[in-house]
Amino acid sequence: MREYRYHVDGEGRIFHEGSEIVDPAVLRFFLRAMRRAADGAWLVVCQGEHNWFDVEDTPFVVQRVHLEAREGVLQRVELGLAGGLREPLDPATLEAAGDRLGCRIRGGPARFGRVALPQLAPFLDDDGTGPALTVAGIRHAIRGVPDRPPERGPALTPGAASPRPRR
0 MREYRYHVDG
10 EGRIFHEGSE
20 IVDPAVLRFF
30 LRAMRRAADG
40 AWLVVCQGEH
50 NWFDVEDTPF
60 VVQRVHLEAR
70 EGVLQRVELG
80 LAGGLREPLD
90 PATLEAAGDR
100 LGCRIRGGPA
110 RFGRVALPQL
120 APFLDDDGTG
130 PALTVAGIRH
140 AIRGVPDRPP
150 ERGPALTPGA
160 ASPRPRR
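Residue numbers (numbering that gives the first Met the number 0): 0 to 166.
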């Protein structure tokens, strides 16, 4: 069985042997097919080949957000990931750790990257009960997680991937 190794950086870019993968179809395939192996490593199996992903914190980095607003009221948020993959935001899954913001997509943790977070920031508010995002008139509180040492990037959810096992 052939095995390949990839690296996902803090901005969600995927590299193989130092070269960035830029083909949108390949990037979308990897992100759609990526699963956690029993040992916590990220894996894509394709035609019997194992593609292992070493990630800085999560393979799912929101690079941009696509906002639908009417009369200044946010109606819908789509998350833009590598390769142009779009996923709807479930605002009930928003979590904060320090100055980092994350959510859950495809059954795993996603983190808002350095461009996406400022795009969403105008719609975040705090009425004194804690930060929230209001979508379609429904206020979704952003759950906080215990503070931990700062990590790279502006946002993180708990449950970051463990290092890929040595094979």
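Yeah, the Cβ is synthetic: ideal placement off N, Cα and C, and Gly gets one too.
Check whether residue i and residue j have beta carbons under 8 Å apart
i	j	result
residue 85	residue 77	yes
residue 54	residue 21	no
residue 34	residue 42	yes
residue 59	residue 108	yes
residue 139	residue 90	yes
residue 46	residue 135	no
residue 95	residue 17	no
residue 115	residue 64	yes
residue 71	residue 23	no
residue 125	residue 133	no
Buried versus exposed, by CB contacts within 10 Å (16 or more), residue i
i	result
residue 2	exposed
residue 62	buried
residue 104	buried
residue 145	At residue 145 the pLDDT is 46, less than 50, meaning the model places this residue with poor confidence; the figure from the coordinates comes in the next sentence. It counts as exposed.
residue 128	exposed
residue 112	buried
residue 11	buried
residue 106	exposed
residue 154	No answer about residue 154 holds up, because its pLDDT of 38 lies below 50 and its placement is not dependable.
residue 79	buried
residue 40	buried
residue 56	buried
Cβ distance (whole Å) where residue i is taken to contact residue j below 8 Å
i	j	result
residue 120	residue 13	Actually they are not in contact, since the Cβ atoms of residue 120 and residue 13 sit about 26 Å apart, beyond 8 Å.
residue 4	residue 51	5 Å
residue 93	residue 141	4 Å
Minimum Cβ-Cβ distance from residue i to chain C less than 8 Å
i	result
residue 19	Here there is only one protein chain, and chain C is not present.
* Please specify which runs of the beta strand (DSSP E), each continuous and at least 3 residues long, are wholly inside the segment 74–140, giving them in chain order. => 85–87, 94–96, 99–104, 107–111, 123–125, 130–134 and 137–140
* Asked: Any contact of the segment 23–39 with the segment 91–103, i.e. 3+ C-beta pairs under 8 Å?
  -> no
* For the segment 44–68, which segments carrying the beta strand (DSSP E) assignment without a break, of at least 3 residues, lie completely within its bounds, in sequence order? -> 48–54 and 59–61
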